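Read in full-length UniProt numbering, the sequence shown has 289 at position 289, and its numbers run on one by one without any break.
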Amino acid sequence: MQHAEKSKGIFYVPGHKKGKVGFQQHEPLAAIASLDATELTGLDDLHEPEGVIKEAQTLLAQWSKAQHSYFLVGGSTAGNLVMLLAAFQPGDVVFVQRNCHKSVLNGLELARLRPVFLAPDIHTQGQFATGISLSVVKKALRHYPDAKGIMLTNPNYYGISRDLKELITIMHEHNMVVLVDEAHGAHFGGDTRLPTNAIAMGADLVVQSAHKTLPALTMGAFLHSNSERIDEDQVKHYLQMIQSSSPSYPIMASLDVARNYVQHLSQKEYDGILADISSFREHLSQIATITVLQAEGNDELDPLKVTIQSVTGVSGFELQERLEAQGIYTELADSLNVLFILPLGKIENKERLLAIITNTLEQASRGDGELKRTCHTEIPEISPLSQPYESLRTMKKKKVLIADAVGCVAAEALIPYPPGIPLIAKGEVITKQQLHQFEALKRAGARFHGGQNRVITIYE
Numbered sequence: 001m002q003h004a005e006k007s008k009g010i011f012y013v014p015g016h017k018k019g020k021v022g023f024q025q026h027e028p029l030a031a032i033a034s035l036d037a038t039e040l041t042g043l044d045d046l047h048e049p050e051g052v053i054k055e056a057q058t059l060l061a062q063w064s065k066a067q068h069s070y071f072l073v074g075g076s077t078a079g080n081l082v083m084l085l086a087a088f089q090p091g092d093v094v095f096v097q098r099n100c101h102k103s104v105l106n107g108l109e110l111a112r113l114r115p116v117f118l119a120p121d122i123h124t125q126g127q128f129a130t131g132i133s134l135s136v137v138k139k140a141l142r143h144y145p146d147a148k149g150i151m152l153t154n155p156n157y158y159g160i161s162r163d164l165k166e167l168i169t170i171m172h173e174h175n176m177v178v179l180v181d182e183a184h185g186a187h188f189g190g191d192t193r194l195p196t197n198a199i200a201m202g203a204d205l206v207v208q209s210a211h212k213t214l215p216a217l218t219m220g221a222f223l224h225s226n227s228e229r230i231d232e233d234q235v236k237h238y239l240q241m242i243q244s245s246s247p248s249y250p251i252m253a254s255l256d257v258a259r260n261y262v263q264h265l266s267q268k269e270y271d272g273i274l275a276d277i278s279s280f281r282e283h284l285s286q287i288a289t290i291t292v293l294q295a296e297g298n299d300e301l302d303p304l305k306v307t308i309q310s311v312t313g314v315s316g317f318e319l320q321e322r323l324e325a326q327g328i329y330t331e332l333a334d335s336l337n338v339l340f341i342l343p344l345g346k347i348e349n350k351e352r353l354l355a356i357i358t359n360t361l362e363q364a365s366r367g368d369g370e371l372k373r374t375c376h377t378e379i380p381e382i383s384p385l386s387q388p389y390e391s392l393r394t395m396k397k398k399k400v401l402i403a404d405a406v407g408c409v410a411a412e413a414l415i416p417y418p419p420g421i422p423l424i425a426k427g428e429v430i431t432k433q434q435l436h437q438f439e440a441l442k443r444a445g446a447r448f449h450g451g452q453n454r455v456i457t458i459y460e
């Protein structure tokens, strides 16, 4: 921002010239564009930081208690790709939590790894995937003793977090590395009332989407490295390969703002934030037509995530539509649930918004009640791909109706989005149960990446 204030002659990219060209009728965008610079004197270089970016990343590492921390301008997607490419060699067997983000699948393919998918536990009421049990991990270790590591997702999209310390210890005892997609947990560890973050639990590489729960711009994320098991030169190599050579300075500046914000939140401020969230959750819990989900077993719930569910059979998609019709926009809906993500700060106009939400949800009192029996698919505890990615690249493909694809090998993923967790992964054999779930989700109003017009690409 200091550079923006002193800059007079603008004879460098980008072409909008700090918002002076083409933005005259778009004042809000022009304000952002005024901060949009390039690698000028004093602004440092993300891919070879020596000045202000290096200082900002060092402050991030100190706050995160990691050996090294990096700014990501391509979201946690970029971080997941970098982690998988840097930590493993082509052909390595890697355990992968089945409810991973689609970027993990892309990373597995790019790195030419041999994934073995591990089935997560299921939240009984919400019917969504949570974390992997130790028993499944131990069973996988017996079947695949040559595996090189594991890729975990914690917390899940709905804010359910699991203590990973014992799992990480077991993996390290087998000389395996632990990667964690902690996209929804960038704020973890800031207060004892929040779940513990993965770095504190001993993970080797961790990615966090700062923009999801901290005050950072969209696509802003963090990558943390905290292990001698990781070759840091490889991490830096793949960061340069995956990330843009023209990173967004507004995004990078916002990442430093986000770190500074969460680092300096006081105990009193946390007290106020968490009390505000608690009253929001308590108010929703008094609405007769819905229930507010809690964590189950030994899992923890991120206070910022509030998931509601109709008690009268109204689908999550319909609840979300009704809320949006009243100007209330939530993070996601599935066939059962609607997810609110609350701020790590004051909830503006809370009482007025709660009145609108209450009135809307009280009117959503009738549904068919059948969705609860169709929203979850039984999957094997341990499931490798049918073929290595290298073999899949040379196989012929064709398009068929999804209804005719049972028993075939998928050549594309079917991903309900949000949350971006694959129903069917590329290279998996399509089951009848997956087909039934696809149809149930489509009927309920889910949007999919892949499977357009109920047609899917398969390998011949």
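All C-beta atoms, glycine included, are put in the ideal place defined by N, C-alpha and C. These figures come from a predicted structure and were not determined experimentally.
Cβ-based neighbour list, residue i, same chain, cut-off 6 Å, excluding 5 preceding and 5 following
i: residue 374; result: Only weak support exists for where residue 374 lies, its pLDDT of 45 falling under 50; the value from the coordinates is given anyway. Taken in chain order, the residues that qualify are 440.
i: residue 51; result: 44
i: residue 472; result: For residue 472 there is no data in the structure shown, the boundaries of the chain being 1 and 460.
i: residue 242; result: 78, 81, 82
i: residue 113; result: 88, 92, 94
i: residue 342; result: 277, 304
i: residue 306; result: 281, 340
i: residue 421; result: 99
i: residue 261; result: 215
i: residue 372; result: At residue 372, the pLDDT of 48 sits below 50, so the modelled position is not reliable and the matter cannot be decided from this model.
First and last residue of the uninterrupted beta strand (DSSP E) at residue i
i: residue 114; result: 114-118
i: residue 246; result: First-last for residue 246: undefined, no H or E at that position.
i: residue 179; result: 177-181
i: residue 461; result: Because the chain in this structure spans residues 1 to 460, residue 461 falls outside the shown range and cannot be described.
i: residue 499; result: Only positions 1 to 460 of the chain appear in the structure, and residue 499 is not among them; the question remains open.
i: residue 290; result: 290-292
i: residue 384; result: 382-384
i: residue 456; result: 455-459
As assigned by DSSP and simplified to three states, the class of residue i
i: residue 271; result: helix
i: residue 88; result: coil
i: residue 315; result: coil
i: residue 68; result: strand
i: residue 283; result: helix
i: residue 305; result: strand
i: residue 13; result: coil
i: residue 310; result: strand
i: residue 52; result: helix
i: residue 127; result: coil
i: residue 276; result: helix
i: residue 365; result: coil
i: residue 173; result: helix
i: residue 370; result: Note on residue 370: pLDDT 49, under 50, position unreliable in the model; the coordinate value appears next. Reduced to three states, the DSSP call for residue 370 is coil.
i: residue 58; result: helix
i: residue 73; result: coil
i: residue 323; result: helix
Cutoff 7 Å; reference residue i; Cβ partners in own chain excluding five residues on either side
i: residue 59; result: 259
i: residue 232; result: 68, 225
i: residue 247; result: 46, 73
i: residue 168; result: 178, 201, 202, 203
i: residue 311; result: 289, 290, 291
Residue i and residue j closer than 9 Å at C-beta
i: residue 182; j: residue 197; result: yes
i: residue 332; j: residue 360; result: no
i: residue 302; j: residue 195; result: yes
i: residue 161; j: residue 131; result: yes
i: residue 75; j: residue 211; result: yes
i: residue 337; j: residue 309; result: yes
i: residue 381; j: residue 207; result: no
i: residue 33; j: residue 14; result: yes
i: residue 257; j: residue 70; result: no
i: residue 345; j: residue 273; result: yes
Residue interval of the alpha helix (DSSP H) (run including residue i)
i: residue 250; result: 249-263
i: residue 104; result: 102-110
i: residue 32; result: 27-33
Beta carbon proximity, residue i to chain D, threshold 9 Å
i: residue 191; result: No chain D appears in the structure shown, which is made up of a single protein chain.
Own chain partners of residue i with C-beta closer than 8 Å, once the 5 adjacent residues on each side are dropped
i: residue 458; result: 397, 398, 399, 400, 405, 408, 409, 410, 411, 430
i: residue 230; result: 86, 87, 177, 204, 205
i: residue 110; result: 81, 84, 85
i: residue 10; result: 17, 18, 20
i: residue 61; result: 67, 68, 69, 224
Ignoring anything shorter than 4 residues, give me the alpha helix (DSSP H) runs that lie fully in the region 130-167, in order along the chain.
134-143
Which complete alpha helix (DSSP H) runs does the region 333-363 hold, if anything under 4 residues is left out?
350-363
So within the region 195-233, which uninterrupted beta strand (DSSP E) runs reach at least 3 residues, ignoring any that extend past its ends?
205-208, 221-225
Length at least 3, wholly inside the UniProt domain "Orn/Lys/Arg decarboxylase C-terminal" (386-450): the beta strand (DSSP E) runs in chain order:
397-401
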